[in-house]
Amino acid sequence: MIVRPRENWFRLLFIWNGSVLQSIIPQLIFMAVVSSLAVFTHGRVFGEKIPLNTAPFTLFGVALAIFLAFRNNASYERFNEARHLWGSLLNAARALTSQALCYIPERRDTLRMAQQLIGFVYALKHELRGTDPTQDFVRLLGNEQAERLHDRAYKPIAILNEIRRELASPPNGSHTSDTKLWMFDAQVNELGRIVGGCERIASTPIPFAYNVLLHRTVYAYCVLLPFGLVDSTEFFTPLLCVFISYTLIALEAIASEVAEPFSTAPNALALDAMTRNIERTVLELCGRPLPEPVKPVRAYQLT
-16 MIVRPRENWF RLLFIWNGSV LQSIIPQLIF MAVVSSLAVF THGRVFGEKI
34 PLNTAPFTLF GVALAIFLAF RNNASYERFN EARHLWGSLL NAARALTSQA
84 LCYIPERRDT LRMAQQLIGF VYALKHELRG TDPTQDFVRL LGNEQAERLH
134 DRAYKPIAIL NEIRRELASP PNGSHTSDTK LWMFDAQVNE LGRIVGGCER
184 IASTPIPFAY NVLLHRTVYA YCVLLPFGLV DSTEFFTPLL CVFISYTLIA
234 LEAIASEVAE PFSTAPNALA LDAMTRNIER TVLELCGRPL PEPVKPVRAY
284 QLT
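Sequence positions in the sequence shown follow my numbering and run -16 to 286.
This is how it looks when you write it as structure tokens:
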């Protein structure tokens, strides 16, 4: 995720870090070459003049803009839902920790549950990104539980089940009333709902046919555009075509990144930072030392 201070309008024109421009430079170079060839050949291919003007591109551009808007809205809807789910995860973790501190009499039991809760958050992050959680499990849960979780297919749910079991049967043998169990169970169910929502986003991408159609349409439009403009704009054709191509290709690139909110792309959610933030807030409620917050790996980019 790109996290930058608010810039004034002039500096925003020249920002490099955080822009998708650096990822689409090869495509823009290709469009510049095609546009230059169109100018050099006066719009001819193999000696034949391509009979294009600006009229069809105007109509086609309107349809393409509508399709791009649909694609970007669908992508941002997935991103926004993922953002809300992780916000709910933070709230549920705080609420469950606070309830355990107030309603479980033994502090040792609460600290154990808090470690399980933090381990659950890390397990969810690693499952969504397809990374190895072993190092975090050993740090938070110990070698024995890390080994038990190694072969589990759904590690967050396995840890959530351990949390539910510990809340229902405190190790010190004390009794937990039905009212307290109901309150705990509501928060545990909320954590399970969040896992299901995240798994749904991760396992059901935008239909591939949409991506293929948009990709082909954008590049066909950009490649044919210089042949429709060359008669009217002449030597300015490469400049205009590269700028228009930048707009369309950049929108497609942004939509592709935002549609996968759990990836490590620059415009995806900063799950490392969000996970550490949940760990810090749970430990602070328990009165434990706090780890350092996650720092940007590159200029203004949190992972």
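Ideal Cβ placement from N, Cα and C applies to all residues, glycine included.
In this text, all values refer to a predicted model and were calculated from it rather than measured experimentally.
Query: Strictly by DSSP, which residues pair up with Lys108?; Result: Bridge partners of Lys108: none, in fact.
Query: Quick one: any contact between the segment 184 to 192 and the segment 52 to 65, if contact means 3 or more CB pairs under 8 Å?; Result: yes
Query: Below 8 Å on the Cβ atoms is my contact criterion, and I expect Pro221 with Ser71 to pass it. Report the Cβ-Cβ distance as a whole number of Å.; Result: That belief does not hold up - the Cβ atoms of Pro221 and Ser71 are roughly 49 Å apart, past 8 Å.
Query: If Ala97 and Cys269 are in contact, beta carbons under 8 Å, what's the gap, nearest whole angstrom?; Result: 5 Å
Query: By DSSP's criteria, Lys32 is part of a beta bridge. Which residues make up the other side?; Result: Arg27
Query: Between the Cα of Phe23 and those of Glu217, Leu273, Leu252, spot the shortest distance and give me the residue it belongs to.; Result: Glu217
Query: Relative to the C-alpha of Phe13, which residue among Val28, Leu143, Tyr202 is closest?; Result: Tyr202
Query: Taking Cβ to Cβ, would you say Arg95 is nearer than 8 Å to Glu149?; Result: yes
Query: Does DSSP put Tyr137 in a helix, in a strand, or in coil?; Result: coil
Query: Considering Gly1, what are the terminal residues of the alpha helix (DSSP H) in which it resides?; Result: Careful: Gly1 lies outside any alpha helix (DSSP H) and carries neither H nor E.
Query: If I follow the unbroken alpha helix (DSSP H) through Ile177, where does it start and stop?; Result: 161 to 186
Query: If I measure Cβ to Cβ from Thr117 and keep anything under 8 Å in the same chain, skipping five residues before and after, which residues do I get?; Result: Ala129, His133
Query: Would Leu100 and Ile140 qualify as a contact pair, given that the criterion is a beta-carbon distance under 8 Å?; Result: no
Query: Which same chain residues end up closer than 8 Å to Val328 when comparing Cβ atoms and leaving out the 5 residues on each side of it in sequence?; Result: An answer regarding residue 328 cannot be provided, because it is not within the stretch -16 to 286 covered by the chain.
Query: Are Val213 and Ala38 closer than 8 Å when you measure CB to CB?; Result: no
Query: Could you pull the start and end residues of the alpha helix (DSSP H) that Glu243 belongs to?; Result: No alpha helix (DSSP H) holds Glu243; DSSP gives it neither H nor E.
Query: In three-state DSSP terms, what is Glu275?; Result: coil
Query: If you follow the alpha helix (DSSP H) that Ala203 is part of, which residue opens it and which one closes it?; Result: 191 to 216
Query: Nearest to Lys138 by alpha carbon, out of Leu(-5), Arg54, Val178?; Result: Val178
Query: For the alpha helix (DSSP H) containing Leu285, name the first residue and the last one.; Result: Per DSSP, Leu285 belongs to no alpha helix (DSSP H) and is neither H nor E.
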